[in-house]
Amino acid sequence: MANRSYVFDVSGGSTATGTSVGFYGSNGTAAQIWDVRKNSDGTYEISSAKSCKPLDIKGGNQSAGNGVQIWTRNEGNAQKWNLVYNRGEGYTIRSTSGLVLASSGGALALSEDNGTANQRFAFEKATYIPPALTGVQWKGCAHYSSSRYGEDWSVIVIHISECTALSQIDNTFWGTREASAHYGVAPGQIHQYVGLNDTAWAVGDWEWNKRSVSIEHVGTTANPPSYATLDTSAQLMAALARSKGWRHLTMGDNVGIHKWYSSTSCPAGTDVNWLVAKANQYLGN
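Read in my numbering, the sequence shown has 136 at position 137, and its numbers run on one by one without any break.
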């Protein structure tokens, strides 16, 4: 088996498309944490936890000696891998062409399968917490339901707060108004009011409240949420999507807007298309 003190590493910790992936001493950074998910055809996608971008064969050229990189998800053969367990020896990571990944010094490249230790790898469980979630501040609220009553959330609902600061959202949710949301977002700041396993009083429809996560954004109809606010929200949405195993966010599927569920203009002038597209970028799409 390849040296277990060395791991797959995105060069320089970069999230940029086309960054090379090598074999480097383990240092516990996000550049060395990977998400392995099974595709519908039985192959696997191996994506960088930090960028969500899949491990990809450079240029799609499945020839011996060619290296690997991270790349925007396209579900092509260059991003599909077969994991073959060799008892007591670890896993072979095989491309769709039959060539396998091999380590050589600090490099990773395709090679003919010859059964050597540098073509055998181990997988160990690791935890990655996206930066958007590390600074989430718990605020709580006065009005919510402490359960989802047998349901689970399946949609993220976008709101506009009609507030100009997070502190105003905080005060609203601790006030007499019987309303709440799971999160409130401002540039570089996220406040949480309701736990994900609990029901926020957010969309004006009880059944959808039980099945949704609601995000309020600092902004008003006259002055919609800034793109800095939306960028922070996009990171949050991507993190929520990853927690559900979603690879893509789609309006009308796993993303909704408040006015779809009750009579309101919310989220007013919020650029929801930009927000969802940005969240998908953070998901590696």
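Glycine included, C-beta positions come from ideal geometry on N, C-alpha and C.
By the three-class DSSP mapping on this structure, what secondary structure does residue i have?
i: V184; result: strand
i: E150; result: coil
i: T133; result: helix
i: D8; result: strand
i: W205; result: helix
i: H247; result: coil
Kindly list the residues whose CB is nearer than 6 Å to the CB of residue i, restricted to its own chain and excluding five residues on each side of it in sequence; keep chain order.
i: E161; result: T219
i: G11; result: none
Taking Cβ positions, are residue i and residue j nearer each other than 8 Å?
i: N253; j: I157; result: no
i: I159; j: T269; result: yes
i: G21; j: A101; result: no
i: A48; j: I32; result: yes
i: A180; j: I128; result: no
i: S153; j: R210; result: yes
In the DSSP assignment, find the unbroken alpha helix (DSSP H) run with residue i in it and report its ends.
i: Y281; result: V271 to Y281
i: Y127; result: Segment: none, Y127 is in no alpha helix (DSSP H) and carries neither H nor E.
i: Y90; result: Unbroken run through Y90 is the beta strand (DSSP E), G89 to S94; no alpha helix (DSSP H).
With a CB to CB cut of under 7 Å and the five nearest residues on each side skipped, what residues in its chain are close to residue i?
i: A63; result: L98, L109, S110 and E111
Let's see if you can read the secondary structure: which residues bound the beta strand (DSSP E) around residue i?
i: E44; result: Y43 to S47
i: A106; result: A106 to S110
i: A77; result: Segment: none, A77 is in no beta strand (DSSP E) and carries neither H nor E.
i: K37; result: W33 to K37
i: Y23; result: V20 to G24
Using alpha carbons as the reference points, say which of the options lies closest to residue i.
i: W207; options: S166, G255, V184 and F172; result: G255
i: W259; options: A185, A201 and T163; result: A201
i: Q136; options: T91, E177, V193 and D151; result: V193
Is the shortest distance between the beta-carbon of residue i and the beta-carbons of chain D less than 8 Å?
i: C51; result: The question asks about chain D, but that chain is absent: this structure has only one protein chain.
Apart from the five residues on each side of it in sequence, which residues of its chain come closer than 8 Å, Cβ to Cβ, to residue i?
i: K79; result: N38, D40, T42, Y43, E44, S94 and T95
i: G104; result: F22
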